[in-house]
Amino acid sequence: GESVGLHLPTLSVQEGDNSIINCAYSNSASDYFIWYKQESGKGPQFIIDIRSNMDKRQGQRVTVLLNKTVKHLSLQIAATQPGDSAVYFCAGSGANSKLTFGKGITLSVRP
Amino acid sequence: DAGITQSPRHKVTETGTPVTLRCHQTENHRYMYWYRQDPGHGLRLIHYSYGVKDTDKGEVSDGYSVSRSKTEDFLLTLESATSSQTSVYFCAIRLLYNSPLHFGNGTRLTVT
Chain U
1 GESVGLHLPT LSVQEGDNSI INCAYSNSAS DYFIWYKQES GKGPQFIIDI
51 RSNMDKRQGQ RVTVLLNKTV KHLSLQIAAT QPGDSAVYFC AGSGANSKLT
101 FGKGITLSVR P
Chain F
1 DAGITQSPRH KVTETGTPVT LRCHQTENHR YMYWYRQDPG HGLRLIHYSY
51 GVKDTDKGEV SDGYSVSRSK TEDFLLTLES ATSSQTSVYF CAIRLLYNSP
101 LHFGNGTRLT VT
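Line by line, the protein sequences are chains U and F.
The numbers in this note's numbering rise by one with no breaks, and the one at position 93 of the first sequence is 93.
The numbers in this note's numbering rise by one with no breaks, and the one at position 5 of the second sequence is 5.
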């Protein structure tokens, strides 16, 4: 089966610095990946997605990188702000389109 | 919230009682999902639906049933609640087969 996991449970960054959140997946057939942000008391919020035919995709202040060779993806947040403090999840799916979610990493932004 | 309303937002119930959670969407999306979220487990799929009266089991479906009689509503029923079903339940919708899920704000269920 597929597992999707995050390397570290917590990440603390200084306000204004760039944040990098990493995620590994096990199923080489996975072809679609999503990053979510979850604030306390709310549901996961879609940030950005990427398909396996791409290595990089950029959004507003966020970039997702996909390395299929080592089955790794990362979320980069530029100029991290206090409002970025939350739990971040990666999720991946393969041919059946069922998403498998990682356990989440808590991003804490220091003022 | 992508036009998703979950009700109730909080529920406390006793072991052995039936419980129904409701998910209502205004987006007319075909695909709907129920997940539970527990510490140390991440989000786990309970049941999902491809359309009206078309549902299937997820990875943790035991003790749960679902119904979808209208496109906009997806109900999750715990026939006889157990303490292990204490959790936060999220409904999600999806426009296309391989596109992002959009989540509601969850129902916190406590079974005493």
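The beta-carbon is built from N, C-alpha and C at its ideal position, and this holds for glycine as well.
1) Between Tyr88 (chain U) and chain F, is the shortest Cβ-Cβ distance under 9 Å, so that the two count as touching?
2) Among U:Thr69, U:Leu99, U:Gly43 and U:Ser19, which has the Cα closest to the Cα of Asp49 (chain U)?
3) For a test of the three-state rule: what should DSSP assign to Gly94 (chain U), helix, strand or coil?
4) Would you list, in chain order, the members of the stretch 15–43 of chain U that have their beta-carbon closer than 7 Å to a beta-carbon of chain F?
5) Hey, how far is the Cα of Arg9 (chain F) from the Cα of Thr69 (chain U)?
6) With 16 as the cutoff for other CB atoms within 10 Å, does Val12 (chain F) come out buried or exposed?
7) So what's Asp62 (chain F) in DSSP terms, helix, strand or just coil?
8) Going by alpha carbons, who is nearest to Pro82 (chain U) out of U:Leu107, U:Asn27 and U:Ser26?
9) Beta-carbon of Ser97 (chain U) versus every beta-carbon of chain F: anything under 9 Å?
10) Is the distance from the Cβ of Ile21 (chain U) to the Cβ of Leu75 (chain U) below 9 Å?
11) Can you give the Cα-Cα distance for Thr17 (chain F) and Tyr31 (chain F), rounded to whole angstroms?
12) Nearest by alpha-carbon distance to Cys90 (chain U): which of U:Arg51, U:Gly16, U:Asn27 and U:Lys37 is it?
13) Buried or exposed: Pro100 (chain F), going by 16 or more other Cβ atoms within 10 Å of its Cβ?
14) How about Ser87 (chain F) and Arg36 (chain F): do their beta carbons lie closer than 9 Å?
15) Since Gln25 (chain F) is in the beta strand (DSSP E), which residue starts that stretch and which ends it?
16) Compare the C-beta of Gly3 (chain F) against all C-beta atoms of chain U and say whether one is closer than 9 Å.
17) Hey, could you find the ends of the beta strand (DSSP E) Asn53 (chain U) is sitting in?
18) When the Cβ atoms of the stretch 79–93 of chain F are set against those of the stretch 33–48 of chain F, are three or more pairs found closer than 8 Å?
19) Name the DSSP bridge partner or partners of Tyr97 (chain F)?
20) Can you have a look at Ala29 (chain U) and say buried or exposed, based on whether 16 or more other CB atoms are within 10 angstroms of its CB?
21) Hey, would you say Asp56 (chain F) sits closer than 9 Å to Tyr50 (chain F), going by beta carbons?
22) Please state the DSSP three-state secondary structure of Asp31 (chain U).
23) Can you give me, in chain order, the residues of the stretch 75–98 of chain F that have a beta carbon less than 7 Å from any beta carbon in chain U?
24) Going straight from the alpha carbon of Ala78 (chain U) to that of Gln14 (chain U), what length do you get?
Let me lay it out:
1) Chain F, which has no Cβ nearer than 9 Å to the Cβ of Tyr88 (chain U), makes this no.
2) If you compare the alpha carbons of U:Thr69, U:Leu99, U:Gly43 and U:Ser19 with that of Asp49 (chain U), the shortest gap goes to U:Leu99.
3) Note: Gly94 (chain U) maps to coil in three-state DSSP.
4) Under the 7 Å Cβ criterion, the stretch 15–43 of chain U contributes Tyr32, Ile34, Lys42 and Gly43.
5) Rounded to whole angstroms, Arg9 (chain F) to Thr69 (chain U) spans 42 Å at the Cα level.
6) Its Cβ having fewer than 16 others within 10 Å, Val12 (chain F) is exposed.
7) Judged by DSSP in its simplified three-state form, Asp62 (chain F) adopts coil rather than helix or strand.
8) Of the residues U:Leu107, U:Asn27 and U:Ser26, the one whose Cα lies closest to the Cα of Pro82 (chain U) is U:Leu107.
9) Taking Cβ atoms only, chain F reaches closer than 9 Å to Ser97 (chain U), which makes this a yes.
10) Less than 9 Å separates the beta-carbon of Ile21 (chain U) from that of Leu75 (chain U).
11) The straight-line gap from Cα to Cα measures roughly 29 Å.
12) Cys90 (chain U) has its Cα closest to that of U:Lys37, out of U:Arg51, U:Gly16, U:Asn27 and U:Lys37.
13) By the neighbour-count rule (16 or more Cβ atoms within 10 Å), Pro100 (chain F) is buried.
14) It is a contact, given that the beta carbons lie within the stated cut-off.
15) Counting along the chain, Gln25 (chain F) sits inside the beta strand (DSSP E) bounded by residues Val19 to Gln25.
16) Output row for Gly3 (chain F): interface = no.
17) Looking at the DSSP string, Asn53 (chain U) is not in any beta strand (DSSP E), and its letter there is neither H nor E.
18) Judged by pairs of C-beta atoms under 8 Å, the stretch 79–93 of chain F touches the stretch 33–48 of chain F, as three or more such pairs exist.
19) According to DSSP, which records beta bridges pairwise, Tyr97 (chain F) is partnered with nothing at all.
20) With fewer than 16 other CB atoms across the displayed protein chains lying within 10 angstroms of its CB, Ala29 (chain U) is exposed.
21) Going by C-beta atoms, Asp56 (chain F) is nearer than 9 Å to Tyr50 (chain F).
22) It is coil, neither helix nor strand.
23) Along the stretch 75–98 of chain F, the positions whose C-beta sits under 7 Å from a C-beta of chain U are Phe90, Tyr97 and Asn98, read in chain order.
24) Distance between Ala78 (chain U) and Gln14 (chain U), taken at the CA atoms: about 12 Å.
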